[in-house]
Structures are given as C-alpha cells and as structure tokens.
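For the sequence shown, my numbering puts the final residue at 707, and the numbers step up evenly by one.
Glycine residues also receive a C-beta, built at the ideal position from the N, C-alpha and C atoms.
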Amino acid sequence: MPEATLLANPVKKQIRIALRNCGVINPETIDEYIGKDGYFALGKVLTGLTPAEAIKVIKDSGIRGRGGAGFPTGLKWEFASKNNSDQKYVVCNADEGDPGAFMDRSILEGDPHSVLEAMALCGYCIGANTGYIYIRAEYPLAIERLKIAISQAREYGFLGNSVFGTGFDFDIHLKYGAGAFVCGEETSLIHSMEGLRGEPTLKPPFPAESGYLGKPTNVNNVETYANIPVIFLKGAAWFSGIGTEKSKGTKVFALAGKVNNVGLIEVPMGVTLREVIYEIGGGIRDGKAFKAVQTGGPSGGCLTEKDLDIPIDYENLIACGSMMGSGGMIVMDEDDCMVSIAKFFLDFSVEESCGKCSPCRIGNKRLYELLERICTGKGEMKDIDRLRNLSEVIKDTSLCGLGQSSPNPVLSTLDNFYHEYISHVEDKKCTAGVCRDLMEYFIVEDNCVGCTACARACPVGAITGERKEIHLINLEICIKCGACMEKCKFDAVILK
C-alpha cells in the first residue's frame, strides 16, 4: 500500500462552515438547529442592522457565489437592493446537475434550516418578502426535510409575518425542477419557475433588475446561502481570514474517482490539489499512477501533475484551463483514456443542451462526432485541428455558460494529452486500453489448453479450434465483446 494512503487523514486540512451541522444535528428537529446558534444571525441582523449595514458585512467578508462563476455575493445583493420595485424575490438554486456532485443535496438533507435562515437574511437585505427554493424532483429526501423545516420555521415565527416582531415579513416556497442541467443557469432556472422552457436569455438585464415574473430577484445556490448565517455570527473579518486574497472562505468538493477516500470534503480556498488528492483523498487506488483530475464538472478541464501544487481558487483554476464550478472533482489514473474522457463529458453537454443557440446545439454535436471518429479509429490528423477550431468558436459564440464552457474538457485534454490523440489517429491505438474499436484480442499459444471455453462463449463464432488444440481468433469477425477473455481460466486471451 502506498505511503500516502497509510498517512492519509480525511479530516486533516478541512474546515467545516457550509457543512458545519451535517451529521451533527437531526435535520428534522428545529430545536437542535437552534442549539447550534440557529436563527441567532437572523435575530441579530433584524434587530441590530439596517439592510445596507448587513449587505456591507457580506461584501466585507469577500464571499463569492459557490455555484460556478464566483460573482461576489455582497455585490449581487446590493444590486438587487438598489432596484426599486413593489415586489422582489429571493431564489435558492438547488438544481444540482453535475455528474457525481451532491454538495447541495447533502446540505439540504443535513441542515435545511441554514438555507432558510440565509434566505430570510437575504430577503431583509434586498427588500424581498418571498423566497423560492428551486429543487430537482429527484431529491425526495431533501424535499421532505425542507417541507418539515419550513413548517417548523413558520411555527416558531422565523418565517411568516413580522419575523422576530420587527414587521419584516418573509416566507419560502418550493418549486420543482425536472432535472435539466441547463436550469442551473439562473435565467434558465427563472424561466422554468415561470412554467416556461428552461432556456437562457442574454444578459443584461440581470435577474437583480428583472428576474422572476419580471421583478428584481436574487439567485444564489445552496452552498452560498449555507455560509451566510455564520458570517453574521462570527464576523466578516473571521470569514475573510480564511482562504486566499481573492477567494475567501471554504469550498465543498465532491471528491470521486480513482482515490481511496471518496465523498464530500470542505477545505479552505488556497489548498492545493495535491493536498486534496493525497492527504485527504488518501492517494490513488491500488497504487496506480495519477493521471488527471477533472474540476468543475462537465464544463471543467482536466488538470495534470504540473497543476497539483497550484492553490485552488477561482482565478487559478480558470488560468489552468478548468474552473471551480459547483465543486465536482473526479480523479483519474493511468488506466483512463483522456480522449474517451473528453467524449464522455461532451456527450453529457450535448444531451443537456437546451438547443436555443446553434453553436451549442449543433457545434457540440459536431465536436462529439469528431471525438467518436477518433475513438473508433476513423480519425484523421485534420480532425484534431477541427476539434480545436470548433471548440474555440463554440466558446466565443454560445449564449450561456453551458455552451461557453462545454469545450473545456476537449481543449484541456488537447493541451495536456495531445500525444493520446496522435496515438488514436496515427497509430490507431488507445494506450489506456479503453477504446474498444482500437483493441484486438489474441490467444497466447503457450497458455491455450484447448478447453474451448472461449469458443463456446463467443457470440459470433469468431474463435476456431478443436478440443485440446490451440485456438485462433478471426479479427475480421470479432466484435470485441470480451466474452472470451472473461471465460478463459488460463490467461490465454489477451488484449492488445
């Protein structure tokens, strides 16, 4: 077992702010949340600070949106507060759609009151009396616990009319999404809430000016809201003292893939990928070599060994060709084919595109087809140039963040693993042994005992040979299903 695994401590270097109560309290009992200083921040702000003073606290803390773009939360609230209207809305984006990501779901299931309290605080700051949580219907436990939490908060007077007797009215309702990834983008989300197609619109106007039902609306995601009550309780200086100069506080990541310790982690901004993968994650499984890590979900890029010691923050990840995103982090080892990885993530983006703009709708489909050609051994060198050129056009001309970032996996793998593309195109070989169409099965004569197990397992009759004689595979007939290798007990069938 590698030394990194033996010395790994999943708790080391973690600071729990957004996840502070998850696994600690009973999420269905409001008294336990109150016992952890729950709703104290709401009472403190409503009775002691003006909306402008409260917004200044959030601005001074330096917290940025945890949903992807990293826009300063305090500025967002300030923009919404300055737009006069007879009605304003606070929206929580709980439409978590990245493959392998479950940060927001865990917070809602483990600490729903923290989000309700934060939304009420936001409502006070911007002058809104109504909040909506847009949550995907595939999260039944999170929905059930939110319903319980909202009911309890109303019963205790933390939601409803004249909260804390201050005359401030605020209530929260649920809106259900159907699992469309594009609805994580705030204008698409708002359209879905209104009963329209989940499609983005060009900004400006921003939701802070014209959002839900045309009214000023503030949209933040679950993790962003989960940080808010603690900032008011411990102060802006405390929060801004964690992290880096431009990225304050902590970030929750869903660590997955080829690491020994998988699951949710919360680390201060500025920690390195090496610390996350080897000290918290316990290193690569089975002693394999690290190859790449995908950050930012399907819209992020693949980072390599040279990037492991770069501090994690918004600017550094973008400079490396990736992004923070909502917090997905997938680790890959030597057995992963990076061309196939790029195709996998692009396939997701193609399926989840709303189709409104042609660069995303058509361009990503053409990108996927080029990758499919390369992975099946039909690619040409000019296809690699086409991949890069088309990726740049899609990034520059797509309407929303989904299309603008969808080519990132292609571009980052082209930059860091160009040799794998060359191998697929010129040598017609997948060095990782992943792309089935570039693999061939052979029988090792010295190991074959003529048991006929492989021939009996072959669905197309590609294997010939009599009992107790050496067998042969007809490569022109073989469909590369792997049934022969699975059935052989003598390691006589190999893959090249």
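Mind reading off the beta-carbon distance from residue 634 to residue 618? Whole number of angstroms is fine, and I expect it under 8 Å.
Numbered from its first residue, the sequence shown carries residue 634 at position 423. Numbered from its first residue, the sequence shown carries residue 618 at position 407. The C-beta distance from residue 634 to residue 618 rounds to 21 Å, too long to fall under 8 Å, and the pair is not in contact.
Residues sharing a beta bridge with residue 382, DSSP
For this step, residue 382 is matched to residue 171 along the sequence shown. For residue 382, which the question treats as bridged, DSSP gives the partners 341.
Residues near residue 243 in its chain [Cβ-Cβ closer than 6 Å; skip 5 each side]:
As a first step, residue 243 must be located in the sequence shown, where it is residue number 32. Result list for residue 243: 236 and 237, in chain order.
If you compare alpha carbons, which of 373, 289, 580 and 627 is closest to residue 418?
By 1-based counting over the sequence shown, the position of residue 418 is 207. Nearest in C-alpha terms to residue 418, of all of 373, 289, 580 and 627, is 289.
Would you tell me roughly how many angstroms separate the C-alpha atoms of residue 292 and residue 432, rounded to the nearest one?
Looking up residue 292 in the sequence shown gives position 81. Looking up residue 432 in the sequence shown gives position 221. Approximately 18 Å between the Cα atoms of the pair.
Restricting to Cα atoms, I'd like to know which of 311, 621 and 495 is closest to residue 545.
What you label residue 545 is simply residue 334 of the sequence shown in a count that begins at 1. Nearest neighbour of residue 545 by Cα position, chosen from 311, 621 and 495, turns out to be 495.
Looking at C-alpha atoms only, which residue of 387, 543 and 287 is the closest neighbour of residue 499?
Reading the sequence shown from its first residue, position 288 is the one you call residue 499. Nearest of 387, 543 and 287 to residue 499, Cα basis: 543.
Anticipated Cβ contact below 8 Å, residue 312 with residue 537, distance rounded:
Looking up residue 312 in the sequence shown gives position 101. Looking up residue 537 in the sequence shown gives position 326. A Cβ-Cβ separation of about 6 Å places residue 312 in contact with residue 537 under the 8 Å criterion.
Nearest-angstrom Cα distance between residue 250 and residue 571?
What you label residue 250 is simply residue 39 of the sequence shown in a count that begins at 1. What you label residue 571 is simply residue 360 of the sequence shown in a count that begins at 1. As the crow flies, the alpha-carbon of residue 250 is around 43 Å from that of residue 571.
In DSSP terms, what residue 465 is bridged to
Reading the sequence shown from its first residue, position 254 is the one you call residue 465. Residue 465 is bridged to 475 and 539.
Rounded to the nearest angstrom, what separates residue 699 and residue 620 at their Cα positions?
For the purposes of this step, residue 699 is taken as the residue at position 488 of the sequence shown. For the purposes of this step, residue 620 is taken as the residue at position 409 of the sequence shown. Residue 699 and residue 620 have their alpha carbons spaced roughly 37 Å apart.
Measuring straight from C-alpha to C-alpha, what distance separates residue 515 and residue 403?
Here residue 515 refers to the residue found at position 304 when the sequence shown is read from its first residue. Here residue 403 refers to the residue found at position 192 when the sequence shown is read from its first residue. When the Cα atoms are used, residue 515 and residue 403 turn out to be separated by approximately 38 Å.
Hey, how far is the Cα of residue 455 from the Cα of residue 627?
The residue you call residue 455 lines up with position 244 of the sequence shown. The residue you call residue 627 lines up with position 416 of the sequence shown. Distance between the alpha carbons of residue 455 and residue 627 is about 27 Å.
The beta strand (DSSP E) with residue 515 in it runs from where to where?
Position 304 of the sequence shown holds residue 515. Per DSSP, residue 515 belongs to no beta strand (DSSP E) and is neither H nor E.
Please state whether the Cβ-Cβ distance between residue 463 and residue 230 is less than 8 Å.
Mapped onto the sequence shown, residue 463 falls at position 252. Mapped onto the sequence shown, residue 230 falls at position 19. Yes.
Hey, how far is the Cα of residue 480 from the Cα of residue 426?
Counted from its first residue, the sequence shown places residue 480 at position 269. Counted from its first residue, the sequence shown places residue 426 at position 215. Answer to the nearest angstrom: the Cα atoms are 34 Å apart.
Please classify residue 263: is it buried, with 16 or more other beta-carbons within 10 angstroms of its beta-carbon, or exposed?
Counted from its first residue, the sequence shown places residue 263 at position 52. By the Cβ neighbour-count rule, residue 263 is exposed, with fewer than 16 other Cβ atoms within 10 Å of its own.
Expressed to the nearest angstrom, what Euclidean distance is found between the alpha-carbon atoms of residue 410 and residue 421?
For this step, residue 410 is matched to residue 199 along the sequence shown. For this step, residue 421 is matched to residue 210 along the sequence shown. Distance between the alpha carbons of residue 410 and residue 421: 16 Å.
Alpha-carbon to alpha-carbon, residue 283 and residue 691
For the purposes of this step, residue 691 is taken as the residue at position 480 of the sequence shown. For the purposes of this step, residue 283 is taken as the residue at position 72 of the sequence shown. One C-alpha to the other measures close to 52 Å.
Distance, residue 565 Cα to residue 555 Cα:
Translated into positions along the sequence shown, residue 555 becomes position 344. Translated into positions along the sequence shown, residue 565 becomes position 354. Between the alpha carbons of residue 555 and residue 565 lies a gap of roughly 18 Å.
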